[in-house]
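In our numbering, the protein residues as written are 61 to 242.
The beta carbon of each residue, even a glycine, is placed where N, CA and C say it ideally should be.
Bear in mind the structure is a predicted one, so any value in this text is a computation, not a measurement.
What follows is a single structure, written as structure tokens, with notes after it.
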């Protein structure tokens, strides 16, 4: 099921474009991720771990484009990618009704309503998708803003894994949350 591009207005009046990723976006995606991934305390990667080649990133994006139960959205402002969300639909037959998601955003675009807009856009797509019934995520327990966003849009906590992440010799718990779509 295709995602039709939409324009949305942020709290501060700026208008962003929400659209499905294209394979041709691979270079822009790599640059976008490098622009925030190591600055965020809640992305489970350390410096140097995100280094896909252009062909590798193109293949990743192709999988999102080709899979019927997956979606990769980007938010653009003035032609620049400023946020993304990816719903990774499970390919195992008994779990094809589920998708795990992750999202990313440049720090300067936080707290302006963009997270709500891009996540709600993905949820709306998933609700209208005949195959998907359940979205789930994993989040750092300390990510209070993220957890508040997920709860605001209907996600419920269903588990906690202590010491799941170890960064700089400090442990962090992981919370799992889900949203029933049907």
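Within 7 Å, strictly: CB atoms of residue i and residue j
i	j	result
residue 160	residue 196	yes
residue 92	residue 154	no
residue 214	residue 236	no
residue 134	residue 81	yes
residue 221	residue 234	yes
residue 241	residue 192	yes
residue 238	residue 194	yes
Inter-residue CB distance, residue i and residue j (contact presumed, cutoff 8 Å)
i	j	result
residue 130	residue 147	6 Å
residue 118	residue 83	5 Å
residue 172	residue 72	5 Å
residue 145	residue 112	Wrong, their Cβ atoms sit about 18 Å apart, outside the cutoff.
residue 247	residue 156	As displayed, the chain neither begins before 61 nor continues past 242, which places residue 247 out of reach and without an answer.
residue 61	residue 188	7 Å
Residue i at chain B interface by Cβ criterion, 7 Å
i	result
residue 134	Within the model displayed, chain B is absent; a lone protein chain is all it includes.
Reduced DSSP category for residue i - H, G, I as helix; E, B as strand; rest coil
i	result
residue 155	helix
residue 91	helix
residue 195	strand
residue 167	helix
residue 73	coil
residue 206	helix
residue 84	helix
residue 107	coil
residue 65	coil
Same chain only: Cβ atoms within 8 Å of residue i, ignoring 5 sequence neighbours per side
i	result
residue 212	176
residue 174	70, 76, 135, 142, 143 and 165
residue 65	77, 78, 79 and 80
residue 223	231, 232 and 233
residue 95	166
residue 123	130
Terminal residues of the alpha helix (DSSP H) in which residue i lies
i	result
residue 184	174-187
Own chain, CB closer than 6 Å to residue i, minus 5 neighbours either side, in chain order
i	result
residue 185	63 and 131
residue 151	none
Start and end residues, beta strand (DSSP E) containing residue i
i	result
residue 125	No beta strand (DSSP E) holds residue 125; the alpha helix (DSSP H) holding it covers 114-126.
residue 213	That residue, residue 213, is in no beta strand (DSSP E); it is neither H nor E in DSSP.
residue 137	131-137
residue 145	140-149
residue 240	230-240
Close Cβ partners of residue i (< 7 Å) along its chain, the five nearest in sequence each way excluded
i	result
residue 230	none
residue 182	131, 133, 145, 147 and 161
residue 88	141
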